[in-house]
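Asks: The opening residue of the sequence shown carries number 201 in the working numbering; numbering runs sequentially from there.
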Amino acid sequence: MTTHLPERIIIDAEFVDDEHDEHQAAADSGTTTRNTKTTHGAKSSASGATTQGPVAEGTAAASEGQALGARLAAALARQGRREYAALREGLTVLKTETGTWAAASKETPAHLRASLLNRRYATWSAKQAAEVERLEEKAGELEKKARRALAAGQTDEASTADHKQATTTAAALNEEAADWRERAREIQRQPYTGHIEPVDAELERHRRRTANRRRTGLAVLTLAAGGLELAAGNLILPTITTTGLLLTAWAKGRISGWRRELPDVPALAYEISTGKPAKDKKDKDNKEQVAAAPFDGALFPGDTGKPFHIHDVATPAVAAECVRRALLAEDVPLAHVGEPVQHSWGWEVVVRVSEGTSGDIGGKLGALETKFDVGDGDVILQPNRKRTSEAVLRVVTGDLFGAMKPAPYRAPHSVDITTAGIFGMSADGTDLTFSLAELMGEVIARSGGGKSTLIRALLDWTTAAHNAVTVFLDPSGDGPGKFEDAVKLTSTSPIQIEFALLSLYRLAAGRARIRRKLGMGDTWKCSREHPAVFVFVDEFPKLTKRSKQIIAELMLVGRKEGVWLIFAAQGATKELLGSNIAQHPALKIMGACRDTDTTQALGGGAIAWGYLPHRLQPKSGDNLNDVAKTYIVGAPGVCEDPMLHKWHHIPDDEGGRRAAERLAAGLLDVDQASIDAALWSPNPPSLKFADEDEYLHYVPWPDLLAMCAEDDDGWGPHSTDEVDLPPILMAIRAAFEKHSDPDFLPTDQVLEHLATTGGEWRQWDDREPADRRREGAKKIARDLKKAGVEGLKTVRRTDLDKDNPPSGFLLADVEAAFESLPD
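Take a look at the structure:
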């Protein structure tokens, strides 16, 4: 019995081909005949013919094997012809594609337009980036020079003059570096303005240039590959290259999807309307996802998907959506909105941006306040300086500092001046705590900004110390208020203040000579026996020039010697302070002020980083607004991020009670060793004394206490020529302060203030306003001339009223008049 025939039929079926139906039919017929004969032979074998069956069977197998081999060879030949045809077609396609690509012949005008415009924009962007990099490198070099200069002035071998020169040089270099960085940021912020639609001739030129670039690149690639193969010196690389080309050609001929098609027209890399970089699809998708998540439907009845007010929000999820919509509506490149936290005062949430810095949101706070329906200044931004894409956003609907505790009670002699004190509350709900030790500082705030509140909070700390002596100097005449009894030395006379500052400088210089002899090491060790001296100077602009010079010198030598100073002013500009001293102190406390004050004190990039004291509102009438709220830089232990803080308010009656307790317990005095050392110490190097009729001289500390205890009104230099500040100039400056230091103050308002200083300014009250104004202006001019003040004159502001321009004084001119006063 034979079992091979069914298998032969199956194998034969695997090679069926439509092109050879006749051959297949003949083969099938032959097989059927053979099957019949074999069956018949098998039946005959069963009857006894045992020798003929195997021979017939072998002949049939051999014939069948030959037929199978022929069919396999035919199939392989057919498949080979197919693949060869595909290879030839692929080579043709590859050649055609390479030629059309190299000639840029298939690019449509839309493709050419997008390519040309994007190429122009890329060239402009590269030049812009190179210029920004150049300016940043220049700023970096200046900052390195400043650090080297400062380090050279802080060596043990450096003299006081060297220290001063190094500090001045470093400050100038840092200021110049800040200017270069600001210029770099301005260039970086400039939009692209070079968009011009190309004409047909420009498109054709761009096609030719594109073709030339592609052909050149292709030729370079071919030469490079050939050179590499020749350098290798064997057939491996040529074999790999040839194989790769043949496989690519075969794939292009065999697989239609491998053939090159003209891509879609690329989008422009910039926005034509704004000149800003265009958002790519990924950013847009992310923005849409951020905008859509996590809500699928309306948040509330009537929800249209637009920004909504935050007052009625009750859950963190809805608050997150409220913040998300508002930020996206203001085109903030939002990457993440964290889970909001609800407080008694409103909402707090962490947000992140996908480009730029989180500080950029600061320019949109006013619009966000409208979106959230909150008041001016009630959207507070706190960028994270360690992660510039992240910021804390606070939306205030109540009192941000409503949970602030009262100022703690401090018994006399209960405070160590070198430890941290609690002075108020920070926006994150923690106590405002830091140490005043070894700090030189400044307080900048407009009238009504809370300088007095802040300084008295500091006075409450220093006057309760068992190792500090407090000094208060105020040329405006107000003094420390109810804390005066707890202050060891108080002076409100501009001339007395010169003597006091000179004595304090000599005290610090003397301590530098005896510090190591007393076993204190590199810095003065404050104790009850050798206390620190803490000096507060209010209304810095009203000081005489000499006082300002001595303070600048004292800030250089006093830190290590336990003579520390904090001054206060209503602005930080060079014109107001008389120099760039606002950049020198390590501790900077910024209340409600102008944006120019912010940048002058904190540097050109401060606003971009999120320091926004110019958005704070000073007290107005009975409305406290943002009084005693500040930003702080340089306080040890206080958050480095731009955070808002509020200072303790100590009522007058409580301040008076505490001062009386401390006076009764006994006020500390300067140690005798320091007083003795000051006798032999030099005067400030920059202070020049005239040989004749010089009133200013060193007064030892005990004599200074007696001098300042006298009536200020009856004390002063014997010659009026020695008074640096003319009364008329001081009165005009006071008029500006009364009106919160506007840039321009009309003559009528100046005269209104002068009328409160004496009857001589009311002699024209019965005249017409124009006559009264004219006569008053004449008297002002005469008094200024008598006082030797040149250049301060009234100006007319035609930009305010072309038909009847008002006359008045410019604040800049008044400050320049102070600057021009002789020494």
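All C-beta atoms, glycine included, are put in the ideal place defined by N, C-alpha and C.
Among all the DSSP beta bridges, which residues are the ones paired with T830?
Replies: H845
Asks: What three-state label does DSSP hand Q770 in the structure shown?
Replies: coil
Asks: What's the call for N823, buried or exposed, on a 16-neighbour Cβ count within 10 Å?
Replies: exposed
Asks: Indicate the three-state DSSP secondary structure (helix, strand or coil) for Y811 in the structure shown.
Replies: coil
Asks: Which first and last residues belong to the beta strand (DSSP E) in which E590 is found?
Replies: E590 to V596
Asks: For T652 versus G681, is the C-beta distance shorter than 9 Å?
Replies: In the sequence as presented, Thr is not what sits at residue 652; that position holds Ser. Yes, Cβ-Cβ distance for S652 and G681 is below 9 Å.
Asks: Whole angstroms is fine: what's the gap from M577's alpha carbon to N883's?
Replies: A quick correction: the sequence has Gly, not Met, at residue 577. Whole-angstrom Cα-Cα distance: 47 Å.
Asks: Taking only three categories from DSSP, how would you classify F936?
Replies: helix
Asks: Counting along the chain, where does the alpha helix (DSSP H) carrying F572 start and finish?
Replies: L565 to F572
Asks: I need the straight-line Cα distance from A657 to K979, nearest angstrom please.
Replies: 43 Å
Asks: Apart from the five residues just before and just after R585, which ones in its own chain have a Cβ nearer than 6 Å to its Cβ?
Replies: E840 and D841
Asks: For G624, list the residues DSSP reports as bridge partners.
Replies: L632 and W847
Asks: Could you tell me which residues DSSP puts in a beta bridge with V757?
Replies: Listed as beta-bridge partners of V757 by DSSP are no residues whatsoever.
Asks: Taking the alpha-carbon of H814 as reference, which of A262, L565 and E975 has the nearest alpha-carbon?
Replies: Scanning A262, L565 and E975 for the CA closest to the CA of H814 turns up L565.
Asks: For N883, name the three-state secondary structure that DSSP assigns.
Replies: coil
Asks: Taking only the alpha-carbon atoms, compute the straight-line gap between P927 and P731 and give it to the nearest angstrom.
Replies: P927 and P731: Cα-Cα distance of roughly 38 Å.
Asks: Could you spell out where the beta strand (DSSP E) holding H406 opens and where it closes?
Replies: H406 -> not in any beta strand (DSSP E); alpha helix (DSSP H) instead, spanning D400 to A432.
Asks: Return the chain-ordered ranges of every alpha helix (DSSP H) run that is complete within the stretch 484 to 558 and spans a minimum of 4 residues.
Replies: 516 to 529
Asks: DSSP three-state label for R996, please.
Replies: strand
Asks: Which term fits E386, buried or exposed, when burial requires 16 or more other beta carbons within 10 angstroms of its beta carbon?
Replies: exposed
Asks: Hey, G602 and W545: beta-carbon distance below 9 Å or not?
Replies: yes
Asks: So what's F601 in DSSP terms, helix, strand or just coil?
Replies: coil
Asks: If I follow the unbroken beta strand (DSSP E) through E642, where does it start and stop?
Replies: G641 to I644
Asks: Under 9 Å between the Cβ atoms of P739 and A769?
Replies: According to the sequence provided, residue 739 is Glu. The question's Pro does not apply to it. Inclusion of E739 and A769 in the CB contact set at 9 Å is warranted, their separation being smaller than that value.
Asks: Cutting at 7 Å between CB atoms, please list the residues of its own chain near S886, excluding the five before and the five after it.
Replies: Q749 and E753
Asks: Which of the three DSSP states is assigned to G577 in this structure?
Replies: coil
Asks: Return helix, strand or coil for M907, following the three-state DSSP convention.
Replies: helix
Asks: Sorted by chain position, which residues of the same chain lie with C-beta nearer than 8 Å to E937's C-beta, five sequence neighbours on each side aside?
Replies: S647 and Q770
Asks: Relative to the C-alpha of M640, which candidate in R610, F734, Q696 and S676 has its C-alpha closest?
Replies: F734
Asks: Helix, strand or coil for T618 per DSSP?
Replies: coil
Asks: Check whether the Cβ atoms of G802 and V827 sit closer than 9 Å, and answer yes or no.
Replies: First, the amino acid is wrong: residue 802 is Leu here, not Gly. No, the Cβ-Cβ distance between L802 and V827 is not below 9 Å.
Asks: Would you list the one or two residues that DSSP bridges to L787?
Replies: As a beta-bridge residue in DSSP terms, L787 pairs with G641.
Asks: Quick check: Q582 and M790, are their CB atoms within less than 9 Å of each other?
Replies: no
Asks: Leaving out five residues on either side along the sequence, give the residues of the same chain with a beta carbon under 7 Å from the beta carbon of I472.
Replies: Result list for I472: H395, in chain order.
Asks: Leaving out the 5 sequence neighbours to the left and right, which residues in its chain are closer than 7 Å to N667 when beta-carbon positions are compared?
Replies: By the criterion of a C-beta distance shorter than 7 Å, N667 is surrounded in its chain by D616, I617, C726, S727, R728, P731 and A732, once the five residues flanking it on both sides are discounted.
Asks: Go ahead and label W880 buried or exposed: buried means 16 or more other beta carbons lie within 10 angstroms of its beta carbon, across all protein chains shown.
Replies: The residue in question, W880, is exposed, as its Cβ has fewer than 16 Cβ neighbours within 10 Å.
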